[in-house]
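Everything in the sequence shown is counted per our numbering, starting at 91 for the first residue and increasing by one. Backbone N, C-alpha and C define an ideal beta-carbon position, used for all residues, glycine too.
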Amino acid sequence: MGKKREEKAFQSDVKQVLDLVINSLYSNREIFLRELISNAADATDKLRFLALSNEDLYEGQSDEGIEIDGSEEQGTVTIRDYGIGMTRKEIIENLGTIARSGTKEFFRGLTGDQQKDSDLIGQFGVGFYSAFIVAKKVVVTSRKAGLGPDEGIRWESDGVGEYTLETVRKKKRGTEIILYLKEEAKEFANLFRLKSICLQYSDHVSIPISMPKPEGATGYEVVNQGTAMWRKAKSELKAKDYKEFYKSLSSDSESPMKWVHTKAEGKLEYTSLFYIPSRAPFDLWDRNGKSGVKLFVKRVLIMEDSETLLPRFLRFVKGVIDTDDMPLNVSREILQENKKLETIRAASVKKILGMIESLAKTKEYPKFWDTFGNVLKEGVVEDFENREKISSLLRFSSTNDSNSLTSLKEYVSRMKDGQEDIYYVTADNLETALNSPHLESFRDKNIEVLLMHEPIDEWVVGHLPEFESKKVKSVLNADLKEEAKLDQSDKHDSPLNEKQKKEILSRLKASLGDLVADVAESHRLKNSLVCLVSSEEQMSPNLERVLKAAGQEVPVSKRILEVNLSHPLITVISSVQSDDELKDWSTLLYEQSILSEGGKVGDPAGFVRKMNAMLMKANGADT
């Protein structure tokens with residue numbers, strides 16, 4: 091069979107990433123070995139799993155682990171595995187395309203900090219290309235398990251812009267990577283240096299990693315412990331052990347915020363180790379992104395599927411679940427429906443929520459909430475069973491103290507005598523929420539209101555009807571009737587009598603026409619002139635804005651314009667005789683109410699013109 095050799099160009103995005111890797115990320119060069127070992131371990135795990143149903147993939151050869159070698163004379167580093175290997179197509183897909191699902195996000199996430207930027211390598215699936223930090227040329231020879239010896243593929247590149255492919259003969263399955271080191275990186279050809287890096291980052295890897303025996307001896311020896319760290323007793327482990335394992339598991343250079351290590355015994359035995367990172371991964375808001383939790387059965391990696399192992403609202407959690415109580419010969423589809431796995435999943439959720447509850451009692455919780463709070467909120471909607479527990483973990487700003495966060499439990503403990511409901515206001519930012527005219531009556535009566543200003547809050551609060559038997563209500567609802575429960579002794583008197591009130595409300599309603607459902611007297615406003623309110627059945631204006639921003643069609647919703655008939659300007663407005671002038675006033679009031687809740691008016695220039703005309707007239711100027 092003749093050799094087939096061809097030259098291919100990298101995708102344009104790949105060239106950019108290669109340039110970044112080769113010329114910028116030098117602060118932590120040794121990570122290349124960590125990434126290549128991780129890839130080799132994954133390839134071995136994949137073979138082990140597939141061989142459960144097809145032993146022929148072993149080709150009569152044992153599982154020989156990973157081999158690492160260095161030659162100071164030749165200036166090379168070699169990483170060899172006997173895992174699943176790659177076909178020609180897979181090599182093109184995996185080595186000719188970087189971060190296929192996240193290249194743009196990769197560039198968007200660059201910080202300018204070399205140490206932090208180097209961590210991006212692992213987070214965006216470009217680990218292989220970390221080899222070019224130290225290598226001037228990389229040669230990859232691979233053969234897929236189950237294919238013939240003549241179906242090996244050799245990939246070669248200097249990382250500049252092209253790579254070559256060649257069909258070669260490869261007797262054993264798996265992949266061999268040879269790095270031809272740059273002059274300034276020749277230190278990595280030293281076996282002692284390679285061993286120290288291997289032990290620092292990959293000592294826990296359950297697959298044996300072998301290196302040449304000391305000078306004078308022949309053959310290879312295993313250098314890593316090769317034991318699953320999470321299977322050790324907690325008494326045998328120190329904080330340093332947990333932190334180092336986390337870093338190798340997550341490709342994160344920072345230590346985790348918190349972790350929980352559990353060994354469950356009884357009818358179902360399993361071990362779990364979960365971590366809360368100190369910082370958000372770059373794909374945090376990708377609900378279909380890669381899971382941070384791995385499932386092992388009898389130390390064989392079975393799946394990495396967050397929706398099966400953990401719900402999506404816990405996608406920021408990293409860790410492992412390991413059990414011997416499941417058959418290895420089942421398919422992944424059957425495993426997903428396995429009752430034992432459902433039990434482990436439910437227990438894991440409770441264990442993680444318990445860990446977060448513990449964290450909530452510390453000074454670190456504000457940092458956690460700022461980083462992962464909006465993701466955790468999704469659990470209120472998605473996890474009915476644990477809704478109460480998740481709700482207790484929620485934190486919001488409030489009119490009690492807008493600069494700090496409060497829990498729903500703390501809010502309830504501060505409720506006034508006779509207060510039956512928990513009140514909130516939604517807006518697109520904290521300042522708008524804090525200055526909402528709907529809060530005036532509540533402030534006047536010293537009733538605390540939660541300030542919800544994240545886009546997800548609208549979705550969450552719609553699935554949180556009550557907390558500790560207290561109804562959760564929006565201050566924007568027209569049927570709130572708070573005035574009936576509050577002391578009205580200090581209620582402002584209107585300069586208008588009852589007949590005049592009815593007349594001006596009727597005229598404003600007629601002038602606004604179909605823009606509003608009604609115009610009514612407000613009992614919630616103290617300083618502001620107008621506000622818009624909704625019924626409980628109606629969509630809030632903030633939710634409307636969120637949905638429109640997401641490109642969704644929103645049905646037209648007419649709301650009630652409430653007018654503060656005690657406001658000084660009401661005398662001026664009620665004295666207007668001209669229908670055209672009243673039209674200007676009513677439009678101005680309506681648009682003012684939209685702006686006060688953070689909305690946008692259809693004609694900003696027209697609003698300014700009308701407002702200026704009113705100001706000039708008030709000052710006796712000729713408009």
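By the Cβ test, the region 501 to 516 is in contact with the region 534 to 554, since at least three Cβ pairs between them sit closer than 8 Å. Beta-bridge analysis with DSSP links V562 to I512. Going by beta carbons, K479 and F364 fall outside the 9 Å limit. Proximity of the region 134 to 152 to the region 173 to 180 meets the contact definition, three or more beta-carbon pairs being nearer than 8 Å. Counting along the chain, the unbroken beta strand (DSSP E) around F364 starts and ends at 360 to 366.
Residue pairing by DSSP places A225 opposite L271 in a beta bridge. If you draw a straight line from the Cα of V606 to the Cα of I684, it is about 12 Å long. Only buried fits P302, as 16 or more other CB atoms lie within 10 angstroms of its CB. Taking the Cβ atoms as the reference, V653 lies roughly 7 Å from L595, within the contact range of under 8 Å. Distance from the CA atom of S286 to the CA atom of S338, rounded to whole angstroms, is 15 Å. In terms of Cβ geometry, D240 and K226 do not form a close pair [threshold 9 Å].
When rounded, the separation of the alpha-carbon atoms in K648 and E548 is 19 Å.
Of the residues E558, A610, G552, the one whose Cα lies closest to the Cα of E468 is G552. With respect to G264, A221 sits apart: the two C-beta atoms are not nearer than 9 Å. For R244, the enclosing beta strand (DSSP E) begins and ends at 242 to 247. Judged by their CB atoms, N280 and P298 are not nearer to each other than the 9 Å cut-off.
Apart from sequence neighbours up to five positions away, the residues of its chain that approach A523 with a beta-carbon distance below 6 Å are V515, A517, L541, H543, ordered along the chain.
In this model, Y336 and H294 are separated by some 11 Å (Cα to Cα).
DSSP places G444 in no beta strand (DSSP E) but in the uninterrupted alpha helix (DSSP H) bounded by 429 to 449. The beta-bridge partner set that DSSP reports for Y253 consists of K98, S247. Annotated as distal: L659 and S612, with beta-carbon spacing of 9 Å or more. Contact between A318 and R119 is ruled out by a C-beta separation of about 28 Å, above the 8 Å threshold. Beta bridge pairing from DSSP links S161 with T166. Counting only the Cα atoms, Y148 lies some 24 Å from K384.
F403 and W459 have their C-alpha atoms some 13 Å from each other. In the three-state reduction of the DSSP assignment, F474 falls in the coil class, being assigned neither a helical nor a strand state.
With fewer than 16 neighbouring CB atoms inside 10 Å of its own CB, T254 falls in the exposed class.
A contact between stretches requires three or more CB pairs, one per stretch, nearer than 8 Å, and the region 470 to 478 fails this requirement with the region 446 to 455. Judged by beta-carbon spacing, L566 lies within the 9 Å limit of L622, meaning their Cβ atoms are closer than that value. L619 sits buried, since 16 or more C-beta atoms from the chains shown fall within 10 Å of its C-beta. Nearest Cα to N428 within the set P456, Q667, L358: L358. Looking at N129, E681, R283, G409, the one whose alpha-carbon comes closest to that of G692 is E681.
Within the same chain, Cβ atoms closer than 6 Å to the Cβ of S584 are found at L655, S656, the five residues on either side in sequence being excluded. Counting only residues of its own chain and dropping the five nearest sequence neighbours on each side, D146 has a CB closer than 8 Å to the CB of G236.
The secondary-structure analysis by DSSP pairs V230 across a beta bridge with W245, I267. In the structure shown, K700 falls within a helical segment according to DSSP collapsed to helix, strand and coil.
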